Structure formats: structure tokens, C-alpha cells
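J.:
2 protein chains.
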Amino acid sequence: MIVALGGGTGAAKLLLGLCHVIDPADLTVIVNTGDDFSLHGLTICPDLDTTAYTLAGFADPERGWGIDGDTFSALSWLHRYGREAWFHLGDRDLATHLHRTALLREGQTLAEVTDRIARSLGVRARILPMTNEPVSTIVLTDRGPSALQEYLVRDGAQPAVRGVSFDGVDRSRPAPGVLEAIESCRGVILCPSNPIISIGPILSVPGIRDALRATEAPVVGVSPVVGGRALKGPTDKLLAGLGYDVSALSVARLYQDLLDLFIIDRHDAELVPAIEALPVRVRTTATVMGNLEAKISLAKETIAGLDSLRAS
Amino acid sequence: MIVALGGGTGAAKLLLGLCHVIDPADLTVIVNTGDDFSLHGLTICPDLDTTAYTLAGFADPERGWGIDGDTFSALSWLHRYGREAWFHLGDRDLATHLHRTALLREGQTLAEVTDRIARSLGVRARILPMTNEPVSTIVLTDRGPSALQEYLVRDGAQPAVRGVSFDGVDRSRPAPGVLEAIESCRGVILCPSNPIISIGPILSVPGIRDALRATEAPVVGVSPVVGGRALKGPTDKLLAGLGYDVSALSVARLYQDLLDLFIIDRHDAELVPAIEALPVRVRTTATVMGNLEAKISLAKETIAGLDSLRAS
Numbered sequence: 001m002i003v004a005l006g007g008g009t010g011a012a013k014l015l016l017g018l019c020h021v022i023d024p025a026d027l028t029v030i031v032n033t034g035d036d037f038s039l040h041g042l043t044i045c046p047d048l049d050t051t052a053y054t055l056a057g058f059a060d061p062e063r064g065w066g067i068d069g070d071t072f073s074a075l076s077w078l079h080r081y082g083r084e085a086w087f088h089l090g091d092r093d094l095a096t097h098l099h100r101t102a103l104l105r106e107g108q109t110l111a112e113v114t115d116r117i118a119r120s121l122g123v124r125a126r127i128l129p130m131t132n133e134p135v136s137t138i139v140l141t142d143r144g145p146s147a148l149q150e151y152l153v154r155d156g157a158q159p160a161v162r163g164v165s166f167d168g169v170d171r172s173r174p175a176p177g178v179l180e181a182i183e184s185c186r187g188v189i190l191c192p193s194n195p196i197i198s199i200g201p202i203l204s205v206p207g208i209r210d211a212l213r214a215t216e217a218p219v220v221g222v223s224p225v226v227g228g229r230a231l232k233g234p235t236d237k238l239l240a241g242l243g244y245d246v247s248a249l250s251v252a253r254l255y256q257d258l259l260d261l262f263i264i265d266r267h268d269a270e271l272v273p274a275i276e277a278l279p280v281r282v283r284t285t286a287t288v289m290g291n292l293e294a295k296i297s298l299a300k301e302t303i304a305g306l307d308s309l310r311a312s
Numbered sequence: 313m314i315v316a317l318g319g320g321t322g323a324a325k326l327l328l329g330l331c332h333v334i335d336p337a338d339l340t341v342i343v344n345t346g347d348d349f350s351l352h353g354l355t356i357c358p359d360l361d362t363t364a365y366t367l368a369g370f371a372d373p374e375r376g377w378g379i380d381g382d383t384f385s386a387l388s389w390l391h392r393y394g395r396e397a398w399f400h401l402g403d404r405d406l407a408t409h410l411h412r413t414a415l416l417r418e419g420q421t422l423a424e425v426t427d428r429i430a431r432s433l434g435v436r437a438r439i440l441p442m443t444n445e446p447v448s449t450i451v452l453t454d455r456g457p458s459a460l461q462e463y464l465v466r467d468g469a470q471p472a473v474r475g476v477s478f479d480g481v482d483r484s485r486p487a488p489g490v491l492e493a494i495e496s497c498r499g500v501i502l503c504p505s506n507p508i509i510s511i512g513p514i515l516s517v518p519g520i521r522d523a524l525r526a527t528e529a530p531v532v533g534v535s536p537v538v539g540g541r542a543l544k545g546p547t548d549k550l551l552a553g554l555g556y557d558v559s560a561l562s563v564a565r566l567y568q569d570l571l572d573l574f575i576i577d578r579h580d581a582e583l584v585p586a587i588e589a590l591p592v593r594v595r596t597t598a599t600v601m602g603n604l605e606a607k608i609s610l611a612k613e614t615i616a617g618l619d620s621l622r623a624s
């Protein structure tokens, strides 16, 4: 069993590659839920959905979010009614939110609902939310605090970032199966997701970071930063806003207590000595996943990294 | 001000005609809410929506329900998730249910929400739910009790009908403005809707039937039955199942304490003596509303009927 920790689109690319390299039934993905929020009375879980849609083969390959070929008729009418229309709710996607919200109201846990949605979509990997309890990633900006999706989508990641908090995380517990998976797996992958807002909330759920430190399984991270820029999303703005250098080295520092190996892009080879001095072992490869071939290739390299650690 | 009591598609046809004959701003429609039900966590009000969509010019002219040109992407994914898919929720239509459900949860009344939706759609007439309290029309069939939409749509009106009840109606109160509109208007129209399941619930809200009896305004009914058959929907099955003859005469009997005039189809002219013997005045005309011209024509005839009563 391989355990992967991930957020949205960056993680989903590597996970899709992994499903071509190992049996998806041997993959457990622990997903960030700090982005979850309520809109129009619906509980929306962007990272869980991106993960499920991607692993089911339904993801929109252009956008990286939502369902391929989805339409936006409901959204245009929500707009007509004067409702917030900045979050791009597709019509098919809406069915997921309706289904999830209805099941949660009936008393099912987020983990149960997530599993049910994934099975309905034909996902063979196991998708676990980091926690069943609500956690909200709040971005503190120069315009005040915003929920993460408000900052990212509504405000286009424009406001300057002063800090990030994960509201509710102190009271949260790892979802059933999360700690067991970390303890008993043959390897852990920290996907190339934003270390602050995607992997950060997962590591902040009490018990998860400790379990990653304690597990006998090797832990491999894949850098989401190449050549001083984030591959996707506002990682660079967030890192810079919080006072970090935007580099694979900064990411390695954030994970250094956990990592047995860090995979960085070969364009960042000059960072190898500094990362090794943390000390963290490094492997360089091509980490930009522009097509399926590149995703599979990075997945193979990641599994090879895990295997090399087990052999050593 | 003209007040019309109506249910779904039959009423909507006449109402559309009325809006070509009088200023829509002078029309108040009191709408049945006994069909309202919950599905996928949404509060769905079929008759309110049919009325609003029709008066806004958005109704699907073929089907009589829903929004013209609507798509059904969300529904197909709800079906994929194993959810009930018998109720034909269009994607645009879904926005209405989401908006209404969210506003109701925020504490607005159904009347407030209904007004807000109607204004957003550009409806100039005033649409009032019969009551703000939940009322459920239950059809007792040989297979047990069913909510009305389950009986009509899910079961295709196939089970034999033994009776009808309006759960919650005893505790309901007319929505604000309903009694005032009936008291102060210059005429009341009972639209050609099902007398049992569309007009019946409205008349069962405590105070509404009495207000119709007491108002000085003339009350005109339009028969939904022509030549022993219902123009639309399961009116004939319901009337027959409850032991009524399926005829304009049966409908006139159900309303006889209220009616100053009953408009029936000229094909039913042989029923005039029996209806007049109730005693209810009768006017015969063409009541089948196959196109907009016919709707306007029947609306003119209805207004002429009201005016004749006021003159007499």
C-alpha cells in the first residue's frame, strides 16, 4: 500500500500517473479539506472532488478542476438570482455537491460520503479526507481574512498575504484509517501540492505529522516549485507573502522533519547541496507534468525513489 | 386588482392569457403549495415555479413545466450517484431550488422567497403561496400513501386513488396578503386547475374559503374538464377515484358555495341546466387553450364574465 498526501490539481497529476504505475487498489490518498466551504447551502470540497474526478478519468484536462465537458447552466441562473457566481459550479459537479450535502445532512461522515462518491464514479484507489471535522483555511490578507477559495477564485489571489490559519484544526482528528494507513504502508508520498495551503492543513491535523515522523515507511516529497516558480496556482505568492524564498529548498525546509527523500526538478540541481545539508536526500528528475507521459514518468521516478530507500 | 387561484400548467395557460388582457401589475395569483416536497435536500415548489416561469416568459411551451431550453446534466449525475431521478430537475431549474432552499434556511418565509424569485425573473404580477407553512398533499392509493409528485411523476398516476389529504393544512394560515387580496379585489378567478389537488388545498387553508364566500368581489370559475375529460393531468382519474363523475358539473358542485359564474366549454352546453339548478350561473365558450390566441381569448371571456357580474 502506498499513501499519498495531496491537495488539488498538482497532486492529481501525479496521482493519475501513479495509477498507471501501481495497482490503484494499492493507493490511499489523504486529501486536504481546508478548502471546503459552503455556498448556496451546499458543502463543497474542491480538493476531494479534483482527486475523485481525476482518478475516475472524468477531470477536465484543460482546466484541471471540474468535470470534462460540464456545462454551467445552473450557475448562469444562480447569477440571475443575484447569488455569488465566482465559484465555477458546473452542472454535473453540482450533482456531487447536492449528493454530498444531502448525505452529510443525513448524518454520514465526510469520509463515508467521500468513499461513496468515489465508488460511484468508479475510483479504485481509496480517497480519505484528512479529517471528518470541518477545518477552514483562512488567508489573512491586507484586505482582511478570506476563506481560501474566496482568496483564490473570487479575489484572484490578488490581495497581499500576511498569514494563514487553519480554523478548527486543533479540534480535528484524523479521519478513520488515516493514521493506520500511514503506519502500515510501504511508502508515503507528499504530492507536489502547495506546502502551505494544501499539504499544510493535513500536517496540522493533530497526530498526522507525528505519524509521518514515526512510520517505518519511507517518506518521499515531490517539489511543487521549479526554478523559483510554482508549477500551478498561487504557491509562489503565498510563500513569498509569508517570508519564504520561493524555491524547492524552502519546501524541503518545511518538510525536513518528515522527508527521507525529496524529488526536485533537474533545473534546480544547484539546490542539491543545500537540501542535502538539511539533511535531506535529493533525487533530481523532470517534474513538470505537461502530459500523461510526464505524469507516468514522474510517478515511476517517485516509486523508484521509495524503493531505493527501502532497499537501503 | 384581479385575484386568481391556481395550481400548475392549466392555471398558467389562463394566467398567461390574462397578462395580455389586463396589466400584469393588477394581477395577484394565489398558488397551491400542496405539491411542495423535498428532494436531494432542496425545497421544490412545482406550482409556484410553473407560475413564475410562465409569467416571466421562460416556461417550456411544449412540456408546460420547467424552463425553456433547459438541460439535464445535473440530473444525469444525480442518477449516477444512485439518487432518485424521477423528478425532472433541469439545470437552470435547479438554480431556483438552490436559491429558494438557501433563502428559506436563512429564515425568509416562502412568500418572501417567492416574491424575490418572481422579481428576479421579471414577473410583474404578484405571486403568493397559499400559505407560508408546509402543507403536503397526500394521495391515498391502493399501494399506500404517496406525496403528490411521487404519485403523479414517479408512479405515472397509475395506482388507483382512494382518497386525498392535505397534511398540515389545519395548522396553516393564509400567507400575508392572501385574505386582503381576496377582500379588496374587483374579481376572483378560479383557474382551470384540478379542483381536488390544485384548487382543493388552497380552499382548505383555514380562512381562504370563508374569505371567498364573504368577498363582495364576483367569483368566476373556469372548468378544467371538457366533454368528460380533464384537459391536462390526472384530474379525471382523481375525480373518478374519489367517486365523482368526471364532468364540469362535478367541478361546479365542488365550488358551488363560492361561484357567481362558471365558465364551461361549449361542448358541455348540455350541462348548463344542471349547473344553473345548483344554482350557479354559466357561460359557455371555447376553453381549450392550445395556443396563445386561445389563452388570450379565454382570458378575455373570463374578464368579460367578471365585468358582467359587477354590472348586474
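Which chain is which? The protein sequence lines are D and V, in order.
Under this note's numbering, the residue at position 83 of the first sequence is numbered 83, and the numbers go up by one with no gaps.
In this note's numbering, each number is its position in the second sequence, counted from 1, plus 312.
For glycine and all other residues, C-beta sits at the position ideal for the given N, C-alpha and C.
Here the structure is a predicted model, which is why all the values come from computation and not from measurement.
1. Based on the DSSP output, what are the partners of residue 485 of chain V in its beta bridges?
2. Report yes or no: is there a C-beta of chain D within less than 7 Å of the C-beta of residue 385 of chain V?
3. List the endpoints of the continuous alpha helix (DSSP H) containing residue 423 of chain V.
4. Our contact map puts residue 513 of chain V next to residue 449 of chain V with C-beta atoms below 8 Å; I'd like the distance itself, whole angstroms only.
5. So with CB distances below 9 Å, who are the chain D contacts of residue 629 of chain V?
6. Compare the beta carbon distance of residue 505 of chain V and residue 329 of chain V with 7 Å and say whether it is the shorter of the two.
7. Use the C-beta contact count for residue 149 of chain D: other C-beta atoms within 10 angstroms, 16 or more gives buried, fewer gives exposed.
8. Hey, which unbroken runs of the alpha helix (DSSP H) at 4 residues or more fall wholly within the stretch 433-498 of chain V?
9. Can you list, in chain order, the residues of its chain whose CB lies under 6 Å from that of residue 281 of chain D, leaving out five sequence neighbours each side?
10. Closer than 7 Å, CB to CB, is residue 120 of chain D near chain V or not?
11. Using a cut-off of 7 Å between C-beta atoms, extract the partners of residue 111 of chain D located in chain V.
12. Could you give the C-beta distance for residue 342 of chain V and residue 490 of chain V, rounded to a whole number, given that I count them as a contact under 8 Å?
13. What residue from V:481, V:546, V:476 has the CA that sits closest to residue 445 of chain V's CA?
14. Is residue 597 of chain V closer than 7 Å to residue 582 of chain V when the C-beta atoms are compared?
15. Bridge partners of residue 281 of chain D, per DSSP?
16. Could you check whether residue 502 of chain V and residue 511 of chain V sit closer than 7 Å to each other, using their CB atoms as the reference points?
17. Could you work out which residues of chain D lie near residue 429 of chain V, taking near to mean beta carbons separated by less than 9 Å?
18. Would residue 348 of chain V count as contacting chain D if we go by Cβ distances under 7 Å?
19. Taking the beta strand (DSSP E) that residue 340 of chain V falls in, what are its first and last residues?
20. So residue 404 of chain V and residue 77 of chain D are supposed to be a Cβ contact under 8 Å. How far apart are they, rounded?
21. Under 7 Å, do residue 361 of chain V and residue 347 of chain V count as touching if we go by C-beta distance?
22. Is the shortest distance between the beta-carbon of residue 97 of chain D and the beta-carbons of chain V less than 7 Å?
23. Return the CA-CA distance between residue 187 of chain D and residue 112 of chain D, expressed in angstroms with no decimal places.
24. Anything in chain D within Cβ reach of residue 413 of chain V, meaning under 7 Å, just list it in chain order.
25. According to DSSP, is residue 219 of chain D helix, strand or coil?
26. Would you mind reading off the limits of the alpha helix (DSSP H) that contains residue 563 of chain V?
27. Can you tell me the Cβ-Cβ gap for residue 379 of chain V and residue 442 of chain V, rounded? I've got them flagged as a contact below 8 Å.
28. Taking DSSP as the reference, what is the three-state secondary structure of residue 229 of chain D?
29. I need the boundaries of the beta strand (DSSP E) containing residue 318 of chain V, first residue and last residue.
30. If you draw a straight line from the C-alpha of residue 175 of chain D to the C-alpha of residue 128 of chain D, how long is it?
31. Is there a Cβ from chain V that is less than 7 Å from the Cβ of residue 105 of chain D?
32. Taking the continuous beta strand (DSSP E) assigned at residue 44 of chain D, which residues delimit it?
33. So, are the CB atoms of residue 599 of chain V and residue 590 of chain V less than 7 Å apart?
34. So what does DSSP say about residue 552 of chain V, is it helix, strand or coil?
35. Beta-carbon of residue 77 of chain D versus every beta-carbon of chain V: anything under 7 Å?
36. Can you check DSSP and say which residues form a bridge with residue 410 of chain V?
T.: Short version:
1. Paired residues: none, contrary to the question.
2. By the rule that beta-carbons nearer than 7 Å mark a contact, residue 385 of chain V touches chain D.
3. 422-433
4. 6 Å
5. Beyond the ends of chain V as shown, which are 313 and 624, falls residue 629 of chain V; an answer cannot be given.
6. no
7. buried
8. 490-496
9. 261
10. yes
11. Within chain V, no residue comes near residue 111 of chain D; the closest Cβ sits about 17 Å away, beyond 7 Å.
12. That belief holds up - the Cβ atoms of residue 342 of chain V and residue 490 of chain V are roughly 6 Å apart, short of 8 Å.
13. V:481
14. no
15. D:261
16. yes
17. 81
18. no
19. 339-343
20. 4 Å
21. no
22. no
23. 24 Å
24. 41
25. strand
26. 560-567
27. That belief does not hold up - the Cβ atoms of residue 379 of chain V and residue 442 of chain V are roughly 23 Å apart, past 8 Å.
28. strand
29. 314-318
30. One C-alpha to the other measures close to 7 Å.
31. yes
32. 42-44
33. Not in contact: residue 599 of chain V and residue 590 of chain V (Cβ atoms no closer than 7 Å).
34. helix
35. yes
36. Paired residue(s): none; residue 410 of chain V is not in a bridge.
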